[in-house]
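Single-structure report; data block below.
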Amino acid sequence: MTILEAKDLKKIYGFGENTVHALAGVDLQVEKGEFVAVVGTSGSGKSTLLHMLGGLDRPTSGKVYVDGKDIFSLKDEELTIFRRRKIGFVFQNYNLVPVLNVYENIVLPIQLDGNSPDTPYVENIIDTLGLRSKLQYLPNNLSGGQQQRVAIARALATKPAIILTDEPTGNLDSKTSQDVLGLLKITSERFTQTIVMITHNEEIAQMADRIVRIEDGLIVAR
Amino acid sequence: MNVANKKCIQQLSIKSMKATKTRNLIAIFAIALTTILFTSLFTVMLSINHSIQQANFRRVGGWSHGSFKYLTYEQFDEIKNDSLIKQYGLRRIVGMAYDVPFNKSQVEIGYSDAIHAHWTYCDPVEGRLPEEGTSEAATDTRVLELLGVEPTLGNEFTITFDVDGTKITETFVLSGWWEYDEATVANHVLIPHSRAQAIFEQVGIGSGIGKDGMTGSLNMDVMLDSSLHIEEDLNKILANHGYQNENRSLGDNYISTGVNWGYTGTQFINNIDPVVVIAMIILLFIIIFTRYLIIYNIFQISVSKDIRFYGLLKTIGTTGRQLSRIILHQALVLSMIGIPFGILIGYGIGIKLTPVILSRLNGVVQDVVSADPVIFIGSAIFSLITVLISCRRPGRMAAKVSPIEAVRYSEGTGYNKKMRKAQAGASLPRMAWANLSRSYSKTAITVVSLSLAVLLLNMTVTFTNGFDMDKYLSDRVVTDFIVADADYFHVGKFWGGDQALPEEVISTIASQPGIETGGRVYGKVSPVEEFITEDYYRTLHGRWNDQETLDRLIAMSEKKQRWFTGWTSTALRDGMLCP
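Protein chains in written order, with our numbering: chain Y, 1 to 222; chain X, 223 to 801.
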């Protein structure tokens with residue numbers, strides 16, 4: 001079953017002399033439960049692709065379907081709500097809310113939706129990621145690896161259709177990178193999650209089920 | 223989409239507020255300042271209105287809502303228990319003193335019960351009201367001064383006065399006195415009811431009413447539930463008991479009523495110069511606008527600074543509406559702290575400022591500071607409105623933030639200049655100057671808010687300090703004093719050749735040192751006949767006469783079908799001497 005699909009996705013930045021074709025017509029399909037790595041050099045358009053897939057930015061043309069839904073047919077407000085229900089994000093710089101503690105950060109997307117957290121499920125995630133002892137901590141008191149684990153927990157908490165991660169280990173040393181990635185893979189398997197990971201690191205990409213290469217805004221191998 | 227996430231948004235808003243303590247302090251300060259401006263403005267406005275109202279009551283001679291005039295005892299007994307009447311005070315008119323030394327004053331002798339005396343400012347500062355069955359009387363310091371009697375309790379004084387056409391001379395023992403109020407037209411000599419009754423027996427009125435229709439009658443002053451519809455209430459009371467105040471000739475169910483114009487005359491908006499109203503509204507708008515700019519700037523800067531935070535919240539699924547609600551919530555919390563502070567301080571400033579302004583307006587108006595809840599509610603509402611419109615644009619900016627752009631956001635991205643012709647190298651002043659053109663709208667807002675603040679200060683200073691008594695008077699009066707026969711000043715007296723000042727007096731005054739120049743007024747009051755319609759006659763004379771008198775006057779003049787004669791005084795008014 002296809003959970004994520006991009007069709008002829010194009011994105012052009014800037015005007016006049018500064019025009020940049022970040023995406024030049026990308027087609028991509030991801031099956032449910034898959035762990036896909038998108039690999040490319042700096043400026044290849046891989047971050048732009050992730051933004052489009054996650055509905056963070058609108059493409060110049062083309063379509064993206066998440067769980068069968070054409071996400072760019074939605075208005076901004078609807079898209080935001082769709083995003084918090086169906087898509088989990090893990091960023092290189094963690095993007096935790098600095099004024100909320102670990103637990104609050106994890107359940108924030110659920111509460112923004114006006115729901116109370118599915119407690120056993122969230123507890124399970126917390127234990128799996130080893131965050132039990134850190135729940136009351138504010139993000140800036142945690143190490144990079146710990147912060148990234150919180151971000152993973154937050155992405156999983158809403159039981160999204162897909163998880164999109166952008167260089168999740170970019171700020172971590174290699175040992176921690178291995179740990180975090182291992183956890184990402186284990187949790188995604190345990191909770192049957194679909195993951196699209198962006199990286200420029202071949203070694204890390206090897207952990208994925210499938211590797212997609214992108215160059216100058218086009219997919220060159222899949 | 224309406225979901226139950228209010229709590230979550232409030233929590234986020236409170237927590238992120240805790241991270242911006244300096245911004246909060248500045249915002250609270252700005253909101254408090256806004257409220258201070260509104261509160262002091264409203265306090266001054268309402269206090270002036272209140273003081274003018276009080277002054278009007280003193281000129282009227284009382285603060286009861288209205289009165290029923292010239293009642294018989296039967297009529298009084300019927301009306302007094304009407305449910306519309308909250309409280310009443312009773313007066314029985316005995317007579318007036320016209321002769322020297324009272325030829326320049328209106329001195330009324332009568333009985334007033336304790337409530338009536340209180341309502342008409344007859345509250346003895348020393349002693350008490352006269353006791354029944356005694357020869358006591360209470361009066362003000364002016365009457366005593368004219369009589370040459372010391373205001374000492376127990377002193378005797380004798381007054382000659384007119385009771386329904388009969389001259390009576392009576393001696394009283396002073397039981398109490400109060401200070402004379404120069405604003406009040408009439409001076410009262412209050413005597414006990416037993417003494418009044420004895421005088422009525424003496425002149426043959428008994429318990430009835432004299433030939434003039436007033437002497438011996440009862441005046442009932444009333445307080446109603448509200449001062450807003452006094453006339454309607456008085457009419458309703460009359461109707462409840464089968465009386466009317468429209469027409470005397472319709473039957474003997476006529477009762478004359480009076481409305482205290484101190485209430486009707488000071489409905490602020492009706493009574494005030496439209497130019498002043500417009501000026502006040504403009505001032506209000508300038509306050510709102512200057513405050514808007516300041517509070518807007520505070521929130522705008524704060525949102526720009528936290529733009530990544532809002533972008534991050536948007537990435538993980540906070541909608542634009544939720545983001546602007548966070549800003550709104552913060553603004554409301556800051557207002558809840560700032561506004562009460564502002565009201566307290568502003569009220570204090572208003573209290574201090576009102577006497578300053580009033581002292582420049584009129585000697586008669588005393589500084590009575592109004593503590594009307596309208597002040598507090600009004601300024602709270604105005605401040606809140608200002609805050610709400612101030613944080614609308616920053617809220618929209620936060621709502622519109624794109625999760626991707628937020629990371630790259632820096633101010634002044636709309637900067638379209640392509641080239642900069644500068645070769646001399648960078649210098650601090652040149653950099654500062656160039657920075658001003660980085661964002662024109664921002665520069666404009668800064669310049670406008672700085673200059674408006676100065677404008678506001680200027681206007682306030684002008685408003686409070688700018689009243690020049692000489693300028694004010696130059697339109698109305700040119701002389702410093704007037705010398706004339708007493709009849710010239712007495713209301714209702716005629717004056718003519720008999721009252722002219724002797725030439726010697728004029729030359730004596732003119733030769734006094736300090737007299738710069740003077741002028742004379744020639745003229746006399748004389749009856750003039752002209753043809754007018756009954757309607758005109760009624761509007762002209764209705765101002766000074768009650769319905770009953772009007773009807774009588776018309777009946778007297780009814781000679782030529784629908785034409786009436788009227789009295790008009792044609793005279794050049796006063797001229798005099800200026801030092």
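In this text, a Cβ means the ideal position worked out from N, Cα and C, and glycines have one as well.
Keep in mind it's a predicted model, so treat the numbers as computed, not measured.
C-alpha distance - residue i paired with residue j, whole-angstrom precision
| i | j | result |
| --- | --- | --- |
| Phe521/X | Thr537/X | 22 Å |
| Gly145/Y | Ser116/Y | 27 Å |
| Trp399/X | Val676/X | 53 Å |
| Met267/X | Ile573/X | 11 Å |
| Val365/X | Val395/X | 14 Å |
| Ile667/X | Asp76/Y | 30 Å |
| Ile626/X | Leu259/X | 42 Å |
| Pro323/X | Leu369/X | 7 Å |
| Thr187/Y | Gly130/Y | 12 Å |
| Leu575/X | Val683/X | 11 Å |
| His272/X | Leu610/X | 31 Å |
| Arg210/Y | Ala155/Y | 21 Å |
| Asp335/X | Leu723/X | 44 Å |
| Gln206/Y | Ile219/Y | 18 Å |
| Ser601/X | Leu234/X | 30 Å |
| Ala252/X | Ala654/X | 27 Å |
| Val499/X | Ile509/X | 15 Å |
| Tyr343/X | Ala461/X | 31 Å |
| Met558/X | Thr158/Y | 36 Å |
| Asn101/Y | Arg618/X | 27 Å |
| Thr792/X | Tyr320/X | Caution is warranted here: a pLDDT of 38 is assigned to Thr792/X, below 50, making its placement in the model unreliable, and no coordinate value can be reported. |
Residue i - containing alpha helix (DSSP H), residue span
| i | result |
| --- | --- |
| Lys746/X | Unbroken run through Lys746/X: none, as it is neither H nor E. |
| His340/X | Ala336 to Trp341 |
| Leu312/X | No alpha helix (DSSP H) holds Leu312/X; the beta strand (DSSP E) holding it covers Gln309 to Ala319. |
| Lys759/X | The question names Lys, yet the displayed sequence has Tyr at residue 759/X. Note, Tyr759/X: alpha helix (DSSP H), Glu756 to Gly764. |
| Ile477/X | No alpha helix (DSSP H) holds Ile477/X; DSSP gives it neither H nor E. |
| Trp655/X | Leu650 to Leu658 |
| Ile87/Y | Per DSSP, Ile87/Y belongs to no alpha helix (DSSP H); it is in the beta strand (DSSP E), Ile87 to Val90. |
| His272/X | Lys243 to Val282 |
| Val596/X | Pro595 to Ser612 |
| Phe531/X | Ile529 to Thr537 |
For residue j and residue i, believed in contact at Cβ under 8 Å, the rounded distance
| i | j | result |
| --- | --- | --- |
| Tyr569/X | Thr261/X | 5 Å |
| Val90/Y | Pro139/Y | With a Cβ gap of about 14 Å, Val90/Y and Pro139/Y do not count as contacting. |
| Asn441/X | Lys291/X | 5 Å |
| Gly484/X | Asn278/X | 4 Å |
| Gly54/Y | Thr192/Y | Actually they are not in contact, since the Cβ atoms of Gly54/Y and Thr192/Y sit about 20 Å apart, beyond 8 Å. |
| Phe371/X | Phe383/X | Before going on, a small fix: residue 371/X reads as Val here, not Phe. 16 Å between Cβ atoms; not a contact. |
Contact with chain Y by residue i, beta-carbon distance below 8 Å
| i | result |
| --- | --- |
| Thr540/X | yes |
| Ile549/X | no |
| Ser238/X | yes |
| Ser524/X | no |
| Asn227/X | yes |
| Ala241/X | yes |
| Thr635/X | The predicted model places Thr635/X with a pLDDT of 49, which falls under 50 and marks its position as unreliable, so this point remains unresolved. |
| Ser546/X | no |
| Ser613/X | Per the sequence shown, the amino acid found at residue 613/X is Cys instead of Ser. Cβ-Cβ to chain Y under 8 Å: no for Cys613/X. |
| Thr537/X | yes |
| Arg543/X | yes |
Residue-chain proximity (residue i, chain X), Cβ-Cβ < 8 Å
| i | result |
| --- | --- |
| Leu50/Y | no |
| Phe15/Y | no |
| Thr80/Y | yes |
| Val273/Y | With chain Y running from 1 to 222 in the structure shown, residue 273/Y is simply not present. |
| Leu138/Y | no |
| Phe89/Y | yes |
| Gly114/Y | yes |
| Asp70/Y | no |
Enclosing beta strand (DSSP E) for residue i [first to last residue]
| i | result |
| --- | --- |
| Phe379/X | Glu378 to Val385 |
| Asn467/X | Segment: none, Asn467/X is in no beta strand (DSSP E) and carries neither H nor E. |
| Leu4/Y | Thr2 to Tyr13 |
| Asp166/Y | Ile162 to Asp166 |
Proximal residues to residue i (C-beta, below 6 Å), its chain only, five neighbours per side dropped
| i | result |
| --- | --- |
| Lys301/X | A quick correction: the sequence has Ile, not Lys, at residue 301/X. The residues are His463. |
| Met197/Y | Ala37 and Thr165 |
Close Cβ partners of residue i (< 7 Å) along its chain, the five nearest in sequence each way excluded
| i | result |
| --- | --- |
| Ser449/X | His287 and Tyr485 |
Spatial neighbours of residue i in its chain, beta-carbon cut-off 8 Å, leaving aside the 5 residues before and after
| i | result |
| --- | --- |
| Gly634/X | Bear in mind that a pLDDT of 48 at Gly634/X, under 50, signals an unreliable position, so the number given afterwards is only what the model happens to contain. Result list for Gly634/X: Arg660, Ser661 and Lys664, in chain order. |
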